[in-house]
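Here is the structure we will look at.
In the UniProt record's numbering, the protein residues as written are 1 to 161.
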């Protein structure tokens with residue numbers, strides 16, 4: 001099964017991907033790591049080659065905020081999981097993550113700075129929800145309870161497919 005987890009910054013994409021992978025042993029690919037090599041932004045060719053490599057697998061979980069360049073991937077996966085959480089919760093999570101990274105309680109692939117925090121809030125304003133919801137294979141999760149229930153039922157969903 002090819003799964004694409006989509007949501008804005010702070011929605012819990014990585015956490016959900018890790019939990020689903022743990023239940024199913026399906027490999028997870030963070031598209032942020034495909035785009036960036038540390039502080040370096042990979043070339044379009046490098047990104048394309050990495051995506052091709054991922055899609056050679058029969059089963060995988062990818063997660064991203066759905067950058068413009070990855071919109072075509074929506075049609076190439078079996079399931080799209082859209083984390084559509086309340087905006088106030090998302091803002092809280094971004095601030096909490098920033099503070100944890102700043103004091104060293106949470107690791108980061110980037111240098112936590114006020115500029116990066118500002119960028120995260122800007123990224124939260126990008127709304128691709130209509131595009132995502134228009135996909136017939138989209139599962140929308142709106143709160144922690146729905147996410148927990150989905151994780152619980154995930155192995156059954158996977159076996160049905």
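All residues carry an ideal CB built from backbone N, CA and C; glycine is no exception.
- Message: Taking its Cβ as the centre, do 16 or more other Cβ atoms sit within 10 Å of residue 81, making it buried, or is it exposed?
- Response: The residue given as residue 81 occupies position 81 in the chain shown. Buried, because 16 or more other Cβ atoms sit within 10 Å of the Cβ of residue 81.
- Which word fits residue 120, buried or exposed, when buried means at least 16 other C-beta atoms lie within 10 angstroms of its C-beta? Mapped onto the chain shown, residue 120 falls at position 120. Under this definition residue 120 is a buried residue.
- Item | alpha helix (DSSP H) runs contained entirely in the stretch 24-102, provided each spans 4 or more residues | 31-35, 44-55 and 87-102
- So what does DSSP say about residue 138, is it helix, strand or coil? Along the chain shown, one-based indexing puts residue 138 at 138. Note: residue 138 maps to strand in three-state DSSP.
- Task: Run the CB neighbour count on residue 5, radius 10 Å, all protein chains shown included, and call it buried at 16 or more, exposed below.
- Result: Walking along the chain shown from the start, residue 5 turns up at place 5. Buried, since its Cβ has 16 or more Cβ neighbours within 10 Å.
- Kindly indicate which three-state DSSP category residue 159 falls into: helix, strand or coil? Within the chain shown, residue 159 is the residue found at index 159, counting from 1. Legend: pLDDT at residue 159 = 49, less than 50; position of this residue unreliable, no value from coordinates given.
- Since residue 126 is in the beta strand (DSSP E), which residue starts that stretch and which ends it? Along the chain shown, one-based indexing puts residue 126 at 126. Where residue 126 is concerned, there is no enclosing beta strand (DSSP E), given that its DSSP letter is neither H nor E.
- Task: Give me the Cα-Cα distance between residue 10 and residue 92, rounded to the nearest whole angstrom.
- Result: Position 10 of the chain shown, counted from the first residue, corresponds to residue 10. Position 92 of the chain shown, counted from the first residue, corresponds to residue 92. Residue 10 and residue 92: Cα-Cα distance of roughly 8 Å.
- Query: residue 59 to residue 98, Cα distance in whole Å?
  - Reply: Residue numbering aside, residue 59 sits at position 59 when the chain shown is read from its first letter. Residue numbering aside, residue 98 sits at position 98 when the chain shown is read from its first letter. If I take the Cα positions, the gap works out to 32 Å.
- With a 10 Å radius around its C-beta and 16 neighbouring C-beta atoms as the bar for buried, classify residue 20 as buried or exposed. Numbered from 1 along the chain shown, position 20 holds the residue referred to as residue 20. Buried, since its Cβ has 16 or more Cβ neighbours within 10 Å.
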